[in-house]
Every structure is written in C-alpha cells, then in structure tokens.
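Participant:
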Amino acid sequence: MTRYIKLLGLTLGVVALNIVVFSRGFFGIEIGGNALSSAIGVTFLVASAITLTYGCYSFLFKAKAALPVKEIKTHDDYVEALSRFRRIKVLEEDIGVALRQLERMQKKRNTLLEVLKQRFDPSELSYKKFSSVIYEVEKLFYLNVRSILNRLHTFDASEFESVSGRKPSPLSPELLQARKNVYGEYLSFTKQSLGTNEEILLKLDQLMLEISRLDSLEPGDIDSMPCMQEIDTLIKQTQYYKN
Numbered sequence: 017m018t019r020y021i022k023l024l025g026l027t028l029g030v031v032a033l034n035i036v037v038f039s040r041g042f043f044g045i046e047i048g049g050n051a052l053s054s055a056i057g058v059t060f061l062v063a064s065a066i067t068l069t070y071g072c073y074s075f076l077f078k079a080k081a082a083l084p085v086k087e088i089k090t091h092d093d094y095v096e097a098l099s100r101f102r103r104i105k106v107l108e109e110d111i112g113v114a115l116r117q118l119e120r121m122q123k124k125r126n127t128l129l130e131v132l133k134q135r136f137d138p139s140e141l142s143y144k145k146f147s148s149v150i151y152e153v154e155k156l157f158y159l160n161v162r163s164i165l166n167r168l169h170t171f172d173a174s175e176f177e178s179v180s181g182r183k184p185s186p187l188s189p190e191l192l193q194a195r196k197n198v199y200g201e202y203l204s205f206t207k208q209s210l211g212t213n214e215e216i217l218l219k220l221d222q223l224m225l226e227i228s229r230l231d232s233l234e235p236g237d238i239d240s241m242p243c244m245q246e247i248d249t250l251i252k253q254t255q256y257y258k259n
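Written out as structure tokens, the structure is:
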C-alpha cells in the first residue's frame, strides 16, 4: 500500500509541475510556438515521462533490499519480510498462514482497544491493566514471528530440494538423513511458532468475549479472570518471550 501512495504522490507532483510549466498563467511554455519554447516543452514532457516510468518501476517492480531481522519494527515490515519467502514452495502454505495471522492480530488488537475505550476511561486502572496485557500479548506474537524470520533467513531452499528426495543426491544415506532431520527442524519450528500465535489469537478472542460480558468490575478482579490467567501463563511458558 505504501508503494502505491508514493507512486500517486509522484504522479500528482509531475502533473502539478506540468500545469505550472505549460499554463499561460505561469510559465506558459508552448509546443509549436518559437523554437526555444518548443524545445523546452518537448524536453520537459520527455523528462516527465521518464520520471513516471522510473517511478512505476521503482515503486511497483523493483525489489526492495531485505531489512535485517533486527531492524524489522512495524507491522508492514513483518508482512514484507515474510512475503519474500512465499516463493519457496515448501514454505508457501506456512507463510500464507503467518501473513493471515498478522492481519488478524492487527484487527483484534484495534478492536480490543476500541472496546476498552467504550467500557473504561483510559485513565482508569482497569483500562491500563487490560491494555498492558494486550501490549504484552502483541509483543509475544511479534517475537514469535521474528523467531520464524531468524530461522528462515538461514533456510536454503535449493539444499532442501537436494536432501528431500526430489532430486538425486551424492550423499550417503546416513548423512542424507541427518540433513533431512535438520531441515525437518526448520519446518517443525515454524509450525510450532504458528501454533503458538494461533493460541494467542484465540486468547484475544476469549478476552474480548469476557470483557463484553462484564457489567461491573473492580481492578482487583481483573487478575482473577480465567482468560487473563491463561494469557499470563502462556506468556510465562513461552521460551522465546523476553522482557
């Protein structure tokens, strides 16, 4: 989406500049008038066409350099980083799941915060407790995605093909099996992390349901809510969670 916005901005800028150059109320450059005016007009039109063509290529087709995992921060960064692995056949399905989870996470987070604003004043302790838990769960979710990306950046698709049995391999059966086990761990870790994130999404649904059922609530009651306790346990049990 950001690319399209940038391209639209570039297009509007070029159009506005052309209006300034060719409008009689501004510079009034004419093609077909005197030789100098025509030369300037043609040159400007050609430059505009080149600028738009290069802009289309840069924003829509030119592949952006991959961000190092440690520099990935925003939701869009995670989407873009994961999307680069969709071309790998063996990862295509899992990456599709991960991308859909990212979209669902963003929607659930926004919906939950909106529900909290409707039921509590942002200055209330209850609001702060719930929003703090939502933040921690979101943090855990993205840490799981980051862990997946860290593993995927060392995943060699061509080498996986050579040990998967789809292509002949010069390796001994023992060594071939050992390498299969290594790549099996890559895939297993990815599925495990996706499973954890699916559980997180489920807990957020349950939390939303519990909040919607509340008629009145004291701040001290929040920690005893079943879903809040389950979320707290999930966070503590996840070995990839860091404060």
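In short: position in the sequence shown from 1, add 16, done, that's our numbering.
Glycine included, each C-beta is placed from N, C-alpha and C at the ideal position.
1) Less than 6 Å between C-beta atoms, sequence neighbours within five positions excluded: which residues of the same chain meet that for Phe205?
2) Does the beta-carbon distance from Ile247 to Val131 come in below 7 Å?
3) Less than 6 Å between C-beta atoms, sequence neighbours within five positions excluded: which residues of the same chain meet that for Phe171?
4) Hey, out of Asp137, Ser64, Pro138 and Met121, whose CA is closest to Tyr158's CA?
5) What does the Cβ neighbour count give for Tyr151, buried or exposed, with the cut at 16 atoms within 10 Å?
6) Going by beta carbon distance, what residues of the same chain come within less than 6 Å of Glu154, once the five residues before and after it are set aside?
7) How should Val161 be labelled, buried or exposed, when 16 other C-beta atoms within 10 angstroms of its C-beta is the threshold for buried?
8) Which whole runs of the alpha helix (DSSP H) in the stretch 92-176 are 4 residues long or more, in chain order?
9) State the Cα-Cα distance for the pair Val284 and Thr27, rounded to the nearest angstrom.
10) Assuming Glu246 is part of the alpha helix (DSSP H), what are its boundary residues?
11) Beta carbon of Asn34, beta carbon of Gln117: below 7 Å?
12) Can you tell me whether DSSP reads Leu46 as helix, strand or coil?
13) Reducing DSSP to helix, strand and coil, say where Leu230 ends up.
14) How about Ile164 and Ser99: do their beta carbons lie closer than 7 Å?
15) Quick one: what does DSSP say Ile88 is sitting in, helix, strand or coil?
16) Got a sec? Which residues, its chain only, sit under 8 Å from Ile251 by beta carbon, not counting five neighbours each side?
17) Within a Cβ cutoff of 7 Å, which residues of the same chain sit near Tyr94, ignoring the five residues on either side of it in sequence?
18) Can you have a look at Leu230 and say buried or exposed, based on whether 16 or more other CB atoms are within 10 angstroms of its CB?
19) For Ser54, does the three-state DSSP call read helix, strand or coil?
20) Would you tell me roughly how many angstroms separate the C-alpha atoms of Lys144 and Cys72, rounded to the nearest one?
21) Among the candidates Lys207, Arg102 and Phe146, whose CA atom is the shortest distance from the CA of Cys243?
22) Given this structure, state the Cα-to-Cα distance separating Asp92 from Leu218, to the nearest angstrom.
23) Quick check: Val30 and Thr67, are their CB atoms within less than 7 Å of each other?
Facilitator: Per the coordinate set shown:
1) Against the sequence shown, residue 205 aligns to sequence position 189. Only Arg167 meet the Cβ criterion.
2) Numbered from 1 along the sequence shown, position 231 holds the residue referred to as residue 247. Numbered from 1 along the sequence shown, position 115 holds the residue referred to as residue 131. It is not a contact, given that the beta carbons lie outside the stated cut-off.
3) As a working note, residue 171 is residue 155 in the sequence shown. Answer for Phe171: Tyr202, listed in chain order.
4) If you number the sequence shown from 1, residue 158 lands on position 142. Considering only alpha carbons, the answer is Met121.
5) Your numbering for residue 151 matches position 135 in the sequence shown. Exposed, because fewer than 16 other Cβ atoms sit within 10 Å of the Cβ of Tyr151.
6) As a first step, residue 154 is located in the sequence shown; it is residue number 138 there, counting from the start. Excluding residues within five positions, the ones whose Cβ falls inside 6 Å are Arg125.
7) Position 145 of the sequence shown, counted from the start, is the residue given in the question as residue 161. Its Cβ being crowded by 16 or more others within 10 Å, Val161 is buried.
8) 108-135 and 141-168
9) The first residue shown for the chain is 17 and the last is 259, placing residue 284 beyond what the model contains.
10) Stepping through the sequence shown from its first residue, residue 246 is reached at position 230. Note, Glu246: alpha helix (DSSP H), Pro242 to Gln253.
11) Sequence index remark: in the sequence shown, residue 34 carries index 18 (1-based). Sequence index remark: in the sequence shown, residue 117 carries index 101 (1-based). The answer is no: Cβ separation not under 7 Å.
12) Here residue 46 refers to the residue found at position 30 when the sequence shown is read from its first residue. Looking at the sequence shown, residue 46 is not Leu but Glu. Three-state result, Glu46: coil.
13) As a working note, residue 230 is residue 214 in the sequence shown. Reduced to three states, the DSSP call for Leu230 is coil.
14) As a position in the sequence shown, residue 164 is number 148, starting the count at 1. As a position in the sequence shown, residue 99 is number 83, starting the count at 1. Taking 7 Å as the Cβ cut-off, Ile164 and Ser99 do not qualify as a contacting pair.
15) Working through the sequence shown from its first residue, we reach residue 88 at position 72. Ile88: coil per DSSP, three-state reduction.
16) The residue you call residue 251 lines up with position 235 of the sequence shown. Contacts found: Glu152, Val153, Leu156 and Tyr257.
17) On the sequence shown, position 78 is the one that residue 94 refers to. Hits under 7 Å: Ile88, Leu118, Tyr158 and Val161.
18) Taking the sequence shown and counting its residues from 1, one reaches residue 230 at position 214. The residue in question, Leu230, is exposed, as its Cβ has fewer than 16 Cβ neighbours within 10 Å.
19) Here residue 54 is taken as the residue at index 38 of the sequence shown, counted from 1. DSSP places Ser54 in helix when its eight states are reduced to three.
20) Stepping through the sequence shown from its first residue, residue 144 is reached at position 128. Stepping through the sequence shown from its first residue, residue 72 is reached at position 56. C-alpha separation (whole angstroms): 45 Å.
21) Counting from 1 along the sequence shown, the entry for residue 243 is found at position 227. Here the closest residue by C-alpha is Phe146.
22) Counted from its first residue, the sequence shown places residue 92 at position 76. Counted from its first residue, the sequence shown places residue 218 at position 202. Going by the C-alpha atoms only, they are around 22 Å apart.
23) As a first step, residue 30 is located in the sequence shown; it is residue number 14 there, counting from the start. As a first step, residue 67 is located in the sequence shown; it is residue number 51 there, counting from the start. Their beta carbons are under 7 Å apart, which means Val30 touches Thr67 by this criterion.
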